[in-house]
Amino acid sequence: MNYVTRFKLSFMMFLNFFVWGGWYVTMGTYLKSIPGITDVQVGIAYGTQSLGAIIAPFVIGLIADRYFAAQKILGVLHILGAAILYYISTINSFSAFYPALLIYMILFMPTLALVNAVSFKQIDNPEKDFANIRVWGTVGWIVAGLIIAWLSWEQKSSLLNTFRLSAGVSIVMGLFSFTLPNTPPPKAGTKTSFREIIGLDAIGLLKDKNFLIFFLASLLICIPLAFYYQETNIFLNEIKVEGAAGKMTYGQMSELLFLFLMPLFFVRLGVKKMLLIAMIAWALRYFLFAYGDIGSGMWMLYAGIILHGICYDFFFVTGQVYTNDVAGEKIRSSAQGMITLATYGVGMLIGFWIAGLVAEKYAVAGGGHQWKSIWLVPAFISIVVFLMYAFLFKEVKKKPISEAEAEKGLATSPAT
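Here this note's numbering is used: the first residue of the sequence shown is 95, the next is one more, and so on.
Shown next, in the form of structure tokens:
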């Protein structure tokens, strides 16, 4: 792969995740600034991500994989998405906001698979090179948050501009996509079954007790994960943390660090211990949020944000690798699709809904929330999942590999 192609793929990742991070992190705070919008409605709005994740495989499986080049679909989706993002910035009622956002997420979520498809088509050694390209997506998410903090849009109640910023970058991404290397449909002239699209070909893996426990734990741990995405920015702004969106990028910065350390952790800890560390880190994060403040407890808020690297990488990257090993080559794609549907689809959809209900329950008359009570809910959910997994999952010992071998096989980068 030459330097021009590497730059194009890296810039593609940067733009794609900048577009997402540019509005997603602060959307809850923006919605709460609109009179009459409830915490439950905020949860419903975030749930569009999950609905998009559920529908996305059909877009890829039925259209992208059979009829059109991936880079062309990517370009069209981003140009259409830019128009919707700008439209969203012109409305101020939930009845208009929600359907527009739902349409946007149905358009955007397939881009996460499309940018991977374009990358893998050009990469000779995915285990070595993909992480170095995908990491620029995380950088794009970070830069978006830092720009929001630098412009003080949260303090100025100008978060409407986040949708316009993302719309502008989405236009750039859409046009740039047509310059990307050609990625023709891999299944042109063939039929893609419904079973394959939603991962039913891998359903037999659930007969394995270990994989069933892992599957259930993955689904359930997405409930506390949804609390983080949905409520953290609202929480930080409510307690008057300056530049909250910028400070939340520390979580993505820690992702970068732990991403590159993952191969060595695999060697020393193994799958079960890494997943358990992730689950207990989730609980610890929410306890830190529950008892932290902007005074002497500010370090607790920083620590809770920085734990995102362990929470996310140790669970999702490890889970991807574990699923890959268990499934084998024949049903590998179906198995990953089934896990994605269970986590980003069903798990987080339930999580966003529960987070909205909990936030509504502990809302304070006249504005604000009882945040300690809110954060203790996902903390205890994380502990329950931790205990279930610790006692029921039995790790199968594998032949040890050397650290040198591990360093050659960097895990796939997470999706922030």
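Cβ atoms here follow ideal geometry from the backbone N, Cα and C, with glycine treated the same way.
Asked, Found
"What residue range is occupied by the uninterrupted alpha helix (DSSP H) comprising I297?", "That residue, I297, is in no alpha helix (DSSP H); it is neither H nor E in DSSP."
"If we call anything under 7 Å between Cβ atoms a contact, is W117 one with F257?", "yes"
"Suppose contacts are defined by Cβ-Cβ distances below 7 Å. Is G450 in contact with V134 by that definition?", "yes"
"Give the range of the alpha helix (DSSP H) segment to which E349 is assigned.", "A338 to Y385"
"Do F480 and M368 have their CB atoms nearer than 7 Å?", "no"
"By the DSSP assignment, the alpha helix (DSSP H) with T184 in it spans what residues?", "Looking at the DSSP string, T184 is not in any alpha helix (DSSP H), and its letter there is neither H nor E."
"In three-state DSSP terms, what is A51?", "Absent from the model: residue 51. The displayed extent of the chain is 95 to 510, so no value can be given."
"Using only the alpha-carbon positions, how far apart do P278 and N210 sit?", "13 Å"
"So S139 packs on L195, CB below 8 Å; how close in whole Å?", "Looking at the sequence provided, one finds Ala at residue 139 rather than Ser. A139 to L195, Cβ: 6 Å. Contact."
"Work out the CA separation of W230 and F105 for me, nearest whole Å.", "7 Å"
"Rounding to the nearest angstrom, what Cα-Cα distance links G441 and I200 in this structure?", "17 Å"
"When burial is assigned at 16 or more other CB atoms within 10 Å of the CB, is G445 buried or exposed?", "buried"
"Taking its Cβ as the centre, do 16 or more other Cβ atoms sit within 10 Å of E248, making it buried, or is it exposed?", "buried"
"Using a Cβ-Cβ cutoff of less than 8 Å, which residues in the same chain neighbour L125 once the five nearest sequence positions on both sides are dropped?", "I131, Q135, V136, A139, F188 and F191"
"Would you decide whether S96 is buried or exposed? Buried here means 16 or more other CB atoms lie within 10 Å of its CB.", "The question names Ser, but residue 96 in the sequence shown is Asn. Result: exposed."
"Check each candidate in M203, I197 and Q165 and name the one with the smallest Cα separation from F111.", "M203"
"From T412 to N418, what distance separates their C-alpha atoms?", "10 Å"
"Ignore the nearest five residues each way along the sequence and tell me which others in W235's own chain have a CB closer than 6 Å to its CB.", "F111, G115, Q346 and T510"
"Mind checking whether L171 and T142 have CB atoms under 7 Å apart?", "no"
"To the nearest angstrom, how far is the alpha carbon of I475 from that of L269?", "44 Å"
"Report buried or exposed for F272, applying the criterion of at least 16 other Cβ atoms within 10 angstroms of its Cβ.", "exposed"
"Compare the C-alpha of L109 against each of F308, S264, N327 and F485 and name the closest.", "S264"
"Helix, strand or coil for T99? Go by DSSP, reduced to three states.", "helix"
"For my contact list, L395 and V335 are in at a C-beta cut-off of 8 Å; report their separation, rounded to the angstrom.", "7 Å"
"In chain order, what residues of the same chain lie with their CB nearer than 8 Å to the CB of I227, ignoring the 5 residues before and after it?", "R100, L103, S104, M107, S213 and I217"
"Looking only at C-alpha atoms, which of L443, Y483 and G403 sits nearest to K303?", "Y483"
"How many Å lie between F381 and I297 at the Cα?", "36 Å"
"Let me check understanding here. Comparing Cα to Cα, which of Y406, L254 and T184 lies closest to E323?", "Note that residue 323 corresponds to Tyr in the displayed sequence, not to Glu. The candidate whose alpha carbon is nearest that of Y323 is Y406."
"Report the CB separation of F352 from G389 in whole angstroms; it is logged as a contact under 8 Å.", "Not quite, the Cβ-Cβ distance comes to about 29 Å (not below 8 Å), so this is no contact."
"Using DSSP with H/G/I as helix, E/B as strand and the rest coil, what is A459?", "coil"
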